[in-house]
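Each residue of the sequence shown is one higher than the one before, counting from 11 in the numbering used here. Note that beta-carbon positions come from the ideal geometry of N, C-alpha and C, so glycine has one too.
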Amino acid sequence: MEKPKQKYYVVWEGINPGIYLNWNECLLQVKAYPNARYKSFSTLKEAQDAYASGFSNSAIAEKKKKSIPQSKNWKDIVPGNSITVDAACQGNPGKMEYRAVEPFTGKELFHVGPLRNGTNNIGEFLALVHALALLKKLKKSETIIYSDSKTAIGWVKKKKPNTKLVFDKSNVEIKDLMTRAVDWLNSNSYSNEIRKWETEIWGEIPADFGRK
11 MEKPKQKYYV VWEGINPGIY LNWNECLLQV KAYPNARYKS FSTLKEAQDA YASGFSNSAI
71 AEKKKKSIPQ SKNWKDIVPG NSITVDAACQ GNPGKMEYRA VEPFTGKELF HVGPLRNGTN
131 NIGEFLALVH ALALLKKLKK SETIIYSDSK TAIGWVKKKK PNTKLVFDKS NVEIKDLMTR
191 AVDWLNSNSY SNEIRKWETE IWGEIPADFG RK
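Right, dumping it as structure tokens:
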């Protein structure tokens with residue numbers, strides 16, 4: 011019989027806030043506590059990082075994921091403290107580039123590429139990690155990052171890009187960026203929330219390169 015996976019429970023607001031190794035211990039801290047705030051994590055490091063950063067909008071966002079924004083105007087939904095990222099690739103693989111843009115001002119925060127023999131998913135992944143690193147450097151932990159790529163968001167959460175791209179002399183720059191991005195994710199914590207841009211409702215993300 012397969013052994014159940016270990017979970018770690020963070021209690022931000024409860025009888026005794028802290029990190030607990032099983033649900034029963036967590037339940038004792040939150041069951042009779044009004045407006046208790048707690049959440050489970052799959053690794054101890056994630057739990058420690060979450061507990062250290064305190065309860066944030068990430069917990070609230072988890073509850074809102076199932077609801078689809080009703081307004082067709084993204085300016086009614088997207089908060090001012092946000093940035094958008096996107097990538098473009100001519101071919102698959104092909105010339106790849108990525109950037110970050112402030113949605114309300116159109117200001118470009120960074121632009122990398124074109125780089126040889128990349129893919130769009132890799133560009134989206136690198137854009138997210140670049141944005142996270144930049145915001146941490148600027149001490150903007152509350153800024154929200156929007157991406158229209160579910161794949162890239164998943165790679166960042168898992169801290170591992172699931173790409174089948176072959177790396178050789180033609181794309182050594184991209185290989186180096188990928189290595190640095192994975193290393194950054196595994197050696198840094200962040201509290202910035204990453205949200206999915208609802209393209210079907212809002213239209214193209216402001217960081218889009220306009221080449222579709």
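In the DSSP assignment, find the unbroken alpha helix (DSSP H) run with residue i in it and report its ends.
i, result
"F135", "N130 to K147"
"T53", "From DSSP, T53 is part of no alpha helix (DSSP H); its letter is neither H nor E."
"V88", "Premise fails: V88 is in no alpha helix (DSSP H) and is neither H nor E."
"I184", "V182 to S197"
For residue i, decide whether its Cβ has a neighbour in chain C, counting only Cβ atoms nearer than 8 Å.
i, result
"L175", "Considering every chain present, this structure includes no chain C. It has just one protein chain."
Report buried or exposed for residue i, applying the criterion of at least 16 other Cβ atoms within 10 angstroms of its Cβ.
i, result
"D186", "exposed"
"L145", "buried"
"A97", "buried"
"V182", "exposed"
"T153", "buried"
"T94", "buried"
Rounded to whole angstroms, how far is the Cβ of residue i from the Cβ of residue j, which I believe are closer than 8 Å?
i, j, result
"V139", "V166", "7 Å"
"A46", "V20", "Actually they are not in contact, since the Cβ atoms of A46 and V20 sit about 11 Å apart, beyond 8 Å."
"N202", "S151", "6 Å"
Cβ of residue i versus every heavy atom of the ligand NAD: is any distance shorter than 7 Å?
i, result
"D193", "As far as ligands go, the structure on display features none, and thus does not contain the ligand NAD."
For the candidate residues the options, whose alpha-carbon lies nearest to that of residue i?
i, options, result
"L195", "L136, K49, N26 and N181", "L136"
"E214", "N83, Y200 and K117", "N83"
"W207", "Y200, S199 and P216", "P216"
"Y108", "T94, G133 and L37", "G133"
"A62", "E23, T173 and K117", "E23"
"N102", "E183, W33 and T129", "T129"
"K170", "I154, T189 and S159", "T189"
"Y43", "A143, D193 and I25", "I25"
"I155", "L142, K147 and G164", "L142"
"I204", "L37, P89, M106 and S81", "P89"
Look at the alpha carbon of residue i and the alpha carbon of residue j, and state the distance between them as a whole number of angstroms.
i, j, result
"Q39", "S157", "36 Å"
"I87", "A162", "22 Å"
"K49", "K179", "45 Å"
"K17", "E35", "12 Å"
"S197", "K149", "17 Å"
"K168", "Y30", "22 Å"
"G64", "R126", "41 Å"
"K147", "Y200", "11 Å"
"F219", "E112", "14 Å"
"F120", "L37", "45 Å"
"Q100", "G28", "49 Å"
Determine the extent of the beta strand (DSSP E) in which residue i is found, giving its start and end residues.
i, result
"P93", "The amino acid occupying residue 93 in the given sequence is Ile; Pro does not appear at that position. Here the beta strand (DSSP E) through I93 covers S92 to G101."
"G28", "G28 to Y30"
"E107", "G104 to V111"
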